[in-house]
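Accompanying notes for the structure given below.
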Amino acid sequence: AKKSGKNFIQFYTYEMQLEILKRLQIENGLLYSVKNNELYMVYQPMYHCETKALRGFEALARWKYPGIGFVGPSQFIPIAEETGIIVDIGKWIIHEVLTKFMELQRRYQFSTIVSINISVVQMIDSSFVSMIKDVIKETGFDSKYLELEITESVLISYPEQIIDIIKQLRALGIRVALDDFGTGYASLSYLQMLPINVLKIDKSFIDKINIEDSMNQIVEHIINLAHRLGIEVVAEGVEKEEQLNFLLQHGCDYIQGHLLSAPLEDELIINQFLSLQNN
Ligand code: C2E
Ligand code: CA
Ligand code: CA
Ligand code: CA
Numbered sequence: 248a249k250k251s252g253k254n255f256i257q258f259y260t261y262e263m264q265l266e267i268l269k270r271l272q273i274e275n276g277l278l279y280s281v282k283n284n285e286l287y288m289v290y291q292p293m294y295h296c297e298t299k300a301l302r303g304f305e306a307l308a309r310w311k312y313p314g315i316g317f318v319g320p321s322q323f324i325p326i327a328e329e330t331g332i333i334v335d336i337g338k339w340i341i342h343e344v345l346t347k348f349m350e351l352q353r354r355y356q357f358s359t360i361v362s363i364n365i366s367v368v369q370m371i372d373s374s375f376v377s378m379i380k381d382v383i384k385e386t387g388f389d390s391k392y393l394e395l396e397i398t399e400s401v402l403i404s405y406p407e408q409i410i411d412i413i414k415q416l417r418a419l420g421i422r423v424a425l426d427d428f429g430t431g432y433a434s435l436s437y438l439q440m441l442p443i444n445v446l447k448i449d450k451s452f453i454d455k456i457n458i459e460d461s462m463n464q465i466v467e468h469i470i471n472l473a474h475r476l477g478i479e480v481v482a483e484g485v486e487k488e489e490q491l492n493f494l495l496q497h498g499c500d501y502i503q504g505h506l507l508s509a510p511l512e513d514e515l516i517i518n519q520f521l522s523l524q525n526n
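Count the sequence shown with UniProt numbering and you get residues 248 to 526, in order.
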């Protein structure tokens with residue numbers, strides 16, 4: 248292709264061609280990922296800051312693409328969003344997670360929160376709320392243990408529509424978390440308008456605790472404001488003891504991060520259930 252003078256591809260570098268090819272390959276592979284059983288979920292525990300008691304788990308998607316290997320969600324989720332495939336994948340995820348947690352609850356007689364990431368494209372799909380209702384009904388999962396994580400960016404594009412959907416979810420007894428807080432454009436004052444239960448402070452903020460003075464103040468401020476609004480705070484991506492200490496000192500409710508646990512593959516979360524049972 249590089250030799251052909253008339254071919255538009257000549258304007259692309261070899262690396263760019265590879266990128267385009269890879270992207271097409273991912274797009275194509277995603278179409279069959281659900282049907283071919285290539286997607287699976289891992290679960291990262293969230294813990295109470297002070298007592299270290301288990302709060303619940305965040306479900307995170309994984310894709311093993313035959314012939315290509317492991318593709319991370321930061322790579323395939325945006326492509327799934329752009330192509331709209333996320334609607335089907337997202338539905339599979341909710342069904343998979345609720346089925347799994349229902350099974351665990353039955354087996355261990357114990358219930359805990361499970362949090363699922365939801366993309367904007369998925370959320371504004373006209374059948375989103377009824378789909379959730381159907382899956383809850385089908386699996387028998389108690390909606391008060393279901394939490395949905397949405398990012399600030401949804402609010403920029405569709406503020407009224409999203410607030411309405413959040414209200415419908417809350418009416419079903421589902422918790423709603425605002426994810427990656429601080430990375431978007433939503434200002435703190437925006438929070439008052441949002442009927443959310445939980446705010447997750449983005450890892451990029453947590454990373455800078457005790458490194459940038461101003462960041463300590465910002466994190467402290469976010470925690471205080473959230474609490475004043477009756478919103479719980481989860482700090483994500485906690486990797487260091489000193490970050491945990493800072494968060495503990497400033498009243499952060501829950502933490503999630505490699506310091507306490509990386510995401511766990513399926514059967515490993517049973518140990519967490521068992522340790523709860525014995526408490
Ligand atoms: P996120 O929602 O912010 O999820 C947290 C990410 O941080 C996860 O990456 C998690 O594995 C990682 N993480 C947690 N603790 C630590 C830590 O202490 N250190 C470091 N370095 N990383 C930590 P992951 O699983 O690669 O997911 C990346 C992003 O992909 C997620 O970011 C989320 O936006 C998206 N994603 C993942 N699963 C799903 C899904 O099922 N649906 C949708 N719509 N998006 C998903
Ligand atoms: Ca998340
Ligand atoms: Ca997050
Ligand atoms: Ca993040």
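C-beta: ideal position from N, C-alpha, C; glycine also.
- Here N284 is exposed. Its C-beta has fewer than 16 other C-beta atoms within 10 Å.
- Selection around ligand 2 by beta-carbon proximity, strictly under 6 Å to any non-hydrogen atom, yields E305, N364, E396 and D426 in chain order.
- Contact between the segment 400-414 and the segment 266-278 is absent: fewer than three C-beta pairs spanning the two stretches fall below 8 Å.
- Around the beta carbon of E394, 16 or more other beta carbons lie within 10 angstroms, which makes this residue buried.
- Sequence-distant Cβ neighbours of M288 in its own chain, meaning closer than 8 Å and more than five residues away, are A306, L307, A308, R309, I340, E343, V344, K347 and D513.
- Within the same chain, and ignoring the five residues on either side of V318 in sequence, the residues whose Cβ sits closer than 6 Å to its Cβ are W310 and Y312.
- Beta-bridge annotation (DSSP): R475 is not paired with any residue.
- Per DSSP, Q291 lies in no alpha helix (DSSP H); the unbroken beta strand (DSSP E) holding it starts and ends at L286 to H295.
- From the listed residues G477, E488, I470 and E486, the smallest Cα separation to H497 is found for I470.
- Taking the Cα positions, G431 is about 21 Å away from I333.
- Residue pairing by DSSP places E305 opposite Q291 and S362 in a beta bridge.
- Across the structure, I360 and M263 are spaced so that their CA atoms are roughly 43 Å apart.
- Positions of the alpha helix (DSSP H) runs, each at least 4 residues long and wholly inside the segment 367-433, are given as 367-370, 375-386, 400-404 and 406-418 in order along the chain.
- Distance check between I516 and each of R302, S390 and E486 places R302 closest, using alpha-carbon atoms only.
- When DSSP assignments are scanned along the segment 456-510, the uninterrupted stretches of beta strand (DSSP E) that are 3 or more residues long and fall wholly within it turn out to be 479-482.
- Around the beta-carbon of Y294, 16 or more other beta-carbon atoms lie within 10 Å, marking it buried.
- Taking a C-beta distance under 8 Å as the contact criterion, V368 and E328 qualify as a contact pair.
- Relative to ligand 1, even the nearest heavy atom lies 7 Å or more away from the CB of Q352.
- Residue nearest to L507 within the set R417, E483 and C499 is E483 (criterion: CA-CA distance).
- Taking C-alpha positions only, I448 is separated from E479 by approximately 11 Å.
- Using a Cβ distance threshold of 8 Å, I443 and V423 count as a contacting pair.
- Under the DSSP assignment, G316 falls outside any alpha helix (DSSP H), being part of the beta strand (DSSP E) whose first and last residues are G316 to V318.
- In this structure, DSSP gives Y355 a helical state, which the three-state scheme calls helix.
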